[in-house]
Each structure stands twice: as structure tokens, then as C-alpha cells.
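One point on numbering: in the working numbering, the residue at position 249 of the sequence shown is 285, and numbering is uninterrupted.
Built from N, CA and C at the ideal position, the CB exists for glycine as well.
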Amino acid sequence: MGDTGMLDPLGLDSSTEDVYRALLQHPDWGVCDLAAHLGLTEEIVRGALDLLADMALLRPSQNHPSLFRPVRPEVGLASLLARSERELQRRQREIADTCAAIAAIALEYEAVRDRERGSFERLEGLDRVRARLEELAYEAQDECMSFMPGGAQTPDAMEASEPLDQLAIARGVLIRTIYQDSFRNDADTLRYAQWLTALGGQTRSTPTLPMSLLIVDRTVAMVPLDPADPRLGAMEVSAVGIVAALCALFEQVWAGAVPFGETRVNEHGLSPVEHELLRLLMDGQTDEGAARRLGLSLRTVRRSMSSLMTRLGARSRFQAGAMAVQRGWL
């Protein structure tokens, strides 16, 4: 077929695109007319017509069954674009899963190779983790970066962190913390974020976070032994490659997070939480699963979904997902 065209990402090369455009202008033209007008061979034109029919951009004429009529571009091409976007999202999820698998394999390899060098230390239970966190807070010289998933933070955890954060900032340590957006629904956590920001810390939020994380001076990090149950303890990591990867992950999430005190909506009027809720439900998550991922109550998730369906004019979640893709919301 022809060279790359403007619609090549949708599966249409330049020759097929030219045939489609010509048929939109002259729907009664046959193969000979198209070939003569476009300077193509009849074989290429027939191949283009077959491809357009396979992609549902042509349909048989009701008046002349031997002829095909072009489907309106706002219908046919929009459908192809939505399908391409879904495929892109699927590939992005596959890439993200692959990256996570590679990171897990790398972590296992580094753990074996560097065990004798003390690059990893297993900290069993919350008491040991908190004791080590206090030590790291006192040792910090330049910067502390952390993920705080799960929405509301426990009062005892915030009470323990307050003097440590205050002393660190007084020493000139930059504290950057990323919460889940749902923390704004908890008065105590919101108050703590306000206090930390007034003191000089930097706070942002994002709809979801992969796990809890602390990085101190870009040389040591702490991650949970099991993200689903932080009470089991944490792994302290000082292997250079692993810490660098965790720093890169933090910076990526930080760049897309919303600074404390700001509200942000995209060009479709969606908040980050609303956009993530639509994405989770399109991925097949139940309301309960979405609530866990977002750190929100089930009631809040259902209320938000009902609001999105009303804005879309949808009668079901399936229809809402299809309309969100069609409108470019996802």
C-alpha cells in the first residue's frame, strides 16, 4: 500500500486515506474513477477499499448493493480512535506491569548480591520500623521524600512525626510529602498537612499511590514488606540502583501531583480523582475495589460515579465508559 499518512496511527496508510477522502467528496465513484483521480493502480484502489470495508469505514449502498458508501468521519474515525486509545491504554498497563516485574526481579537480584554488604535490612513489626524512622529523621541532612497512601493518617503516627519533622526542617532539611487526594476528607490529616506546609514543608496529593515510601538524602529508602499490610514491617534499602529507581518514581509522581491548597481539573472539567475513578471502572474494578485504591469510602465513590453518569447523560456504567472514551475523557 502507500506511504505513511496522517491517519496511519488508526491503521490507514496514505493511499487508503486518499481513497477514503475521495469517496467522501465523490461517493458515487467506482474503482476506475478513483484510480484515475488519485493516480493509483486499480489493484491498490481495490486493496484500499477492502481495508476501508474491514475497518467499517465503508458500508454497502442501500440503493446500489454493488457500491459502497463512506461512513461519516465523525462516526467511523471516532470509533477507530476510541479503539486505538483503548489499545494504547492496554499497552501502557502492560508496560507498567512489565516495569514492576523488572523492578521486582532487580530487587531480588540486588538483595542476593548485596546481602553481605548490608544493602538491605529487614525490619519486622511497626515498633522496629518507627524506631528506625526516628533515627533516619535525626540523621537526615538534605531531603526527605515520602508517599503517604490510604487517606487519613493515624493520630499517633502524626503525633510521633510532628517533632521529628519540625527538627528536620529547622536543620534545613527539605520535606516533600505526597498524600492521596482522599486525605482532604480527614480533618486531622488535613490539619497536619497545613501545619507542615506553614512550617516550610511541601505537600502534594494524587488520586492513587502504589505503596508507602520514605527516601532520606537519596541514599536510603524504606518500603513495606507487604504493601497490603504495612504492620508486618519494612525493608530498608541502601543499594544505589534501587534507591535511584525509587527516587525516579517519586519525582514522576510528584510532577503530576497537585500542590496542597490548589484545585485542578483537566480540559474536560474532571478532577484527578474523577479521571482515575473512570479509568479504574473501565479496567473492570468494582466500586469496592475503586474505593480501596482511591482511599475513599464506598459511599463517596458511588456518589462520584453517579455525578459522572449524570454529566455524561449515561444510564449505566458500561454506557458511561463508552461515552467517556468517545468524548476523549479517557
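Asked	Found
Environment of Leu330 [buried if 16+ CB atoms lie within 10 Å]	buried
Distance between beta carbons of Arg328 and Cys283, contact taken as under 8 Å	The Cβ separation is near 27 Å, so there is no contact.
Exposure label - Glu53; buried when at least 16 CB within 10 Å	buried
For Ala256, three-class secondary structure by DSSP	Reading off the sequence shown, one finds Val at residue 256, where the question assumed Ala. Correct three-state label for Val256: strand.
Ala270 beta carbon less than 7 Å from that of Pro263	no
CB of Val252 within 7 Å of CB of Leu172, strictly	yes
DSSP bridge partner residues for Leu250 (one or two, in chain order)	Ser182, Met258
Contacting residues, own chain, Cβ-Cβ under 7 Å from Thr244 (five flanking each side not counted)	Gln216, Glu312, Arg329, Leu330
Pro106 Cβ short of 6 Å to the ligand GTP heavy atom set	In the structure shown, the ligand GTP is absent, as is every other ligand, since no ligand is present at all.
Which residues DSSP lists as bridging Gly269, in chain order	Glu160
Residues near Leu250 by beta carbon distance below 6 Å, same chain, minus five either side	Ser182, Met258
Val276, buried or exposed, once every other Cβ within 10 Å from all chains shown has been counted against 16	exposed
Rounded Cβ spacing between Glu272 and Glu157 (contact assumed at less than 8 Å)	4 Å
Rounded separation between Ala360 and Ala142 - CA only	38 Å
Spatial neighbours of Val67 in its chain, beta-carbon cut-off 8 Å, leaving aside the 5 residues before and after	Glu78, Val81, Arg82, Leu85
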